[in-house]
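Novice: Using the UniProt record's numbering, you'd call the opening residue of the sequence shown number 1 and step up by one each time.
Glycine included, C-beta positions come from ideal geometry on N, C-alpha and C.
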Amino acid sequence: MEIVRRPQLKSTAIDRGVPTLPLYRSAPSLEVRLEDFELYAIDRLRVLTGISDGLSRGKRPEEMEKLVAELWKANMRHPQASEVMNKDIISHFVLRLVYCRTEDLRKWFLSMETALFRYRFRLQTAEAQRAVLAEFQLPYKAVTTSEFEVIKDKLTLVARSINQTLPTADAIFYKVPFQEVPELVAGRRVFLSDGYAYVAMNQVVSLVATQFRSLLSKALTLTNRKWMSTIREQEKDRLTPIVEALSMSYVGPDYSVGREFGELSLKDIDNVAKSSFPLCMRHLFDKLREDHHLKHWGRMQLGLFLKGVGLKLDDALAFWKAEFSQKVGAERFDKEYAYSIRHNYGKEGKRVDYTPYSCQKIISLTPSVGDHHGCPYRHFSEENLRAALCKMGVNSGGVEDVMDKVRHKHYQLACTLTFEAIHGCPNDAGINHPNQYFSDSQKILKSKVKCLRISFLLTSVIDWEFPPISTVHSLHP
């Protein structure tokens, strides 16, 4: 069992027994098992991706508070209560290492960790919140009684405009430079005067979150320098492969084998493709039928997806051979392409049971000219994407909603909206994997078929028990 040693953790309020949120100023002096190093990070990543999805869906602050509480409870537990804080701190520092490596990764991690901190702070007791304020050692003093009386009317107007409790003589306000609370200024939630914002105690979360974001931003830059200069090379045989893989980790269910809906037969594949394939797979499938060929990454993306939805190896070989033979001939297919298909099913080479690509993996792929893999929401032109969505049956209003998410680079949410528009029902979990899209689609379609059958049976029974009036008359002339 390998152990990962971390630098010394400086004394904080946590060490002194004060109930507070960790500010992650220094890495802890803890020995971490290598498997925990990865598992803790994945658990925290589930929380951050859940927050990202909630924010991109436009959830209200109170909804986000509830979501964060549920995500944290579900993913950041530990069998030993004494280890919960350690898991929190370790997982943060592991992901800091993972997400320090590029500007895009740093930007996402910074936004999500700040959001997590903000909502966790709101959920704390007043005592814990004061402990966090003390930990930051902010240089702001509370507004004096005499100053409060001068601006009391202005503060009252602000409170009324945002439906907040009216300030009283014992209310606590902080006078801070306005640029340090941009969120409150943008929402017109504070009184501004001479370059200062007057922040109420119940609004102090914005001030604290800004400080947290600033500290974390600087820390990510320093971590990146250390990673590039020393850690990456020193740990190339141990931690580096784990760190580089974690940013692409899929944290949802395993779709390596199509267990839920049994086998996918070749005779049904065209109908199923139209009804339940996500756009990325639908595009690859249509191009394969049209060109009778796909390049390597296209074959990998579609082939592993088909494996995950239940296409057995023999049927997969027959499916690909039927298409490729029309362009390269059966003999060349057997020599050049059949091996890689068997390899994907774990029947050749290292005999690894390869898993279908997740949305994160597909979004990260960059197709070249002549390639058709990757995420259409990211790589298609606006004109081509609109045409593809219309072909799938998305109405004009739905297309505009999808395009709005694409412009803001919320590609998975765009796919979720496509799913909802086609199936006519919400998908609260969001789409995180092409095989999840297929699975959720099949559940909905099969439930509709079942409802139709039940409706038909009930109608038949009613017709049998209560024959039409004309029939009754014929029985009693």
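Is the stretch 116–127 in contact with the stretch 261–272, if contact means three or more CB pairs nearer than 8 Å?
Specialist: Verdict: no, contact absent.
Novice: Can you tell me the Cα-Cα spacing of E216 and S364, whole angstroms?
Specialist: For this step, residue 216 is matched to residue 216 along the sequence shown. For this step, residue 364 is matched to residue 364 along the sequence shown. Here the sequence assigns Leu to residue 216, which means Glu is not the residue at that position. So the two alpha carbons sit approximately 25 Å from each other.
Novice: If I follow the unbroken beta strand (DSSP E) through V32, where does it start and stop?
Specialist: What you label residue 32 is simply residue 32 of the sequence shown in a count that begins at 1. Note, V32: beta strand (DSSP E), E31 to R33.
Novice: Note down, in chain order, each residue of its chain lying with its Cβ closer than 7 Å to the Cβ of F178, except the 5 sequence neighbours on either side.
Specialist: Here residue 178 refers to the residue found at position 178 of the sequence shown. Only V185, L192, G195, Y196 and A197 meet the Cβ criterion.
Novice: What is the rounded straight-line gap between the Cα of L48 and the Cα of D334?
Specialist: In the sequence shown, residue 48 corresponds to position 48, counting from 1. In the sequence shown, residue 334 corresponds to position 334, counting from 1. Their Cα atoms are separated by approximately 45 Å.
Novice: Give every residue of the same chain whose Cβ lies closer than 6 Å to the Cβ of G398, excluding the five residues on either side of it in the sequence, and list them in chain order.
Specialist: To locate residue 398, count along the sequence shown from 1; it is residue 398. Cβ within range, chain order: A421.
Novice: So within the stretch 410–451, which uninterrupted alpha helix (DSSP H) runs reach at least 4 residues, ignoring any that extend past its ends?
Specialist: For the stretch 410–451, whole alpha helix (DSSP H) runs of length 4 or above, ordered along the chain, are 411–423.
Novice: Can you check which of these residues, I51, P426, R57 and K218, is closest to H408 by C-alpha distance?
Specialist: One-based indexing of the sequence shown puts residue 408 at position 408. For the residues I51, P426, R57 and K218, the minimum Cα distance to H408 belongs to R57.
Novice: With the cut-off set at 8 Å, would you say N75 and D43 are in Cβ contact?
Specialist: The residue you call residue 75 lines up with position 75 of the sequence shown. The residue you call residue 43 lines up with position 43 of the sequence shown. Cβ atoms of N75 and D43: closer than 8 Å.
Novice: For N435 versus V309, is the C-beta distance shorter than 8 Å?
Specialist: On the sequence shown, residue 435 is found 435 positions in, with the first residue counted as 1. On the sequence shown, residue 309 is found 309 positions in, with the first residue counted as 1. Yes, the Cβ-Cβ distance between N435 and V309 is below 8 Å.
Novice: Inspect the CB distances between the stretch 290–307 and the stretch 367–374 and report whether three or more fall short of 8 Å.
Specialist: At 8 Å Cβ cutoff, the stretches touch.
Novice: What whole-angstrom Cβ distance do residue 494 and C415 have, given they're in contact under 8 Å?
Specialist: Residue 494 is absent from the structure shown; the chain starts at 1 and stops at 477.
Novice: Tell me the DSSP bridge mates of P177?
Specialist: Here residue 177 corresponds to residue number 177 of the sequence shown, with the count starting at 1. Partner(s): Y196.
Novice: With DSSP as the reference, please indicate the residues paired to F191 in a beta bridge.
Specialist: Counting from 1 along the sequence shown, the entry for residue 191 is found at position 191. Beta-bridge pairing links F191 to Y198.
Novice: Alpha carbon to alpha carbon, how far is E244 from S91?
Specialist: Here the question's residue 244 lines up with position 244 in the sequence shown. Here the question's residue 91 lines up with position 91 in the sequence shown. So the alpha carbons of these two residues sit roughly 15 Å apart.
Novice: Considering just the uninterrupted stretch of the alpha helix (DSSP H) at K267, what are its terminal residues?
Specialist: To locate residue 267, count along the sequence shown from 1; it is residue 267. K267 -> no alpha helix (DSSP H), and no H or E assigned at all.
Novice: Take the Cβ of R189 as the centre, count every other Cβ of all protein chains shown within 10 Å, and call the residue buried at 16 or more, exposed below.
Specialist: Along the sequence shown, read from residue 1 onward, the residue named residue 189 stands at position 189. Buried.
Novice: I need the straight-line Cα distance from R213 to Q137, nearest angstrom please.
Specialist: Residue 213 sits at position 213 when you count from the first residue of the sequence shown. Residue 137 sits at position 137 when you count from the first residue of the sequence shown. If you take the alpha carbons of R213 and Q137, they lie about 15 Å apart.
Novice: Given 8 Å as the limit, is there contact between the stretch 126–135 and the stretch 152–162, that is, 3 or more CB pairs closer than that?
Specialist: No, the stretch 126–135 does not touch the stretch 152–162.
Novice: How is A81 classed by DSSP in three states: helix, strand or coil?
Specialist: As a first step, residue 81 is located in the sequence shown; it is residue number 81 there, counting from the start. Three-state result, A81: helix.
Novice: Expressed to the nearest angstrom, what Euclidean distance is found between the alpha-carbon atoms of F301 and Y377?
Specialist: As a position in the sequence shown, residue 301 is number 301, starting the count at 1. As a position in the sequence shown, residue 377 is number 377, starting the count at 1. Position check: residue 301 holds Gln in this sequence, whereas Phe was assumed. About 16 Å.
Novice: Does the contact criterion of 3 or more C-beta pairs under 8 Å hold for the stretch 312–322 versus the stretch 336–350?
Specialist: The stretch 312–322, when compared against the stretch 336–350, does touch it at the 8 Å Cβ threshold.
Novice: Going by Cα to Cα distance, which pick from L110, K107 and L39 is closest to R77?
Specialist: Taking the sequence shown and counting its residues from 1, one reaches residue 77 at position 77. Comparing Cα positions, the closest option is L39.
Novice: For N202, which residues in the same chain have their Cβ closer than 7 Å to its Cβ, ignoring the five residues on either side in sequence?
Specialist: As a working note, residue 202 is residue 202 in the sequence shown. Around N202: no qualifying Cβ.
Novice: Over the uninterrupted alpha helix (DSSP H) stretch that includes A387, give me the two end residues.
Specialist: In the sequence shown, the residue the question calls residue 387 occupies position 387. Here the alpha helix (DSSP H) through A387 covers E382 to M392.
Novice: Rounded to a whole number of angstroms, what is the C-alpha to C-alpha distance between residue 481 and S29?
Specialist: Here the chain covers residues 1 to 477 and nothing more, so residue 481 does not appear.
Novice: What is the DSSP secondary structure of R5, reduced to helix, strand or coil?
Specialist: Along the sequence shown, read from residue 1 onward, the residue named residue 5 stands at position 5. Caution applies to R5, whose pLDDT of 46 falls short of 50 and renders its modelled position unreliable; the model cannot decide the point.
Novice: Leaving out five residues on either side along the sequence, give the residues of the same chain with a beta carbon under 8 Å from the beta carbon of V204.
Specialist: Here residue 204 refers to the residue found at position 204 when the sequence shown is read from its first residue. Here the set comprises Q129, L133 and Y174.
Novice: Measure the C-alpha to C-alpha separation of V176 and V402 and round it to an integer number of angstroms.
Specialist: Against the sequence shown, residue 176 aligns to sequence position 176. Against the sequence shown, residue 402 aligns to sequence position 402. Approximately 40 Å, taken between the alpha carbons.
Novice: Does DSSP put A69 in a helix, in a strand, or in coil?
Specialist: Counting from one through the sequence shown, the residue named residue 69 turns up at place 69. Here A69 sits in helix by DSSP.
Novice: Do L385 and V406 have their C-beta atoms closer together than 8 Å?
Specialist: For the purposes of this step, residue 385 is taken as residue 385 along the sequence shown, with counting starting at 1. For the purposes of this step, residue 406 is taken as residue 406 along the sequence shown, with counting starting at 1. Yes, Cβ-Cβ distance for L385 and V406 is below 8 Å.
Novice: Over what stretch of residues does the alpha helix (DSSP H) that includes Q129 continue unbroken?
Specialist: Here the question's residue 129 lines up with position 129 in the sequence shown. Residues A126 to F136.
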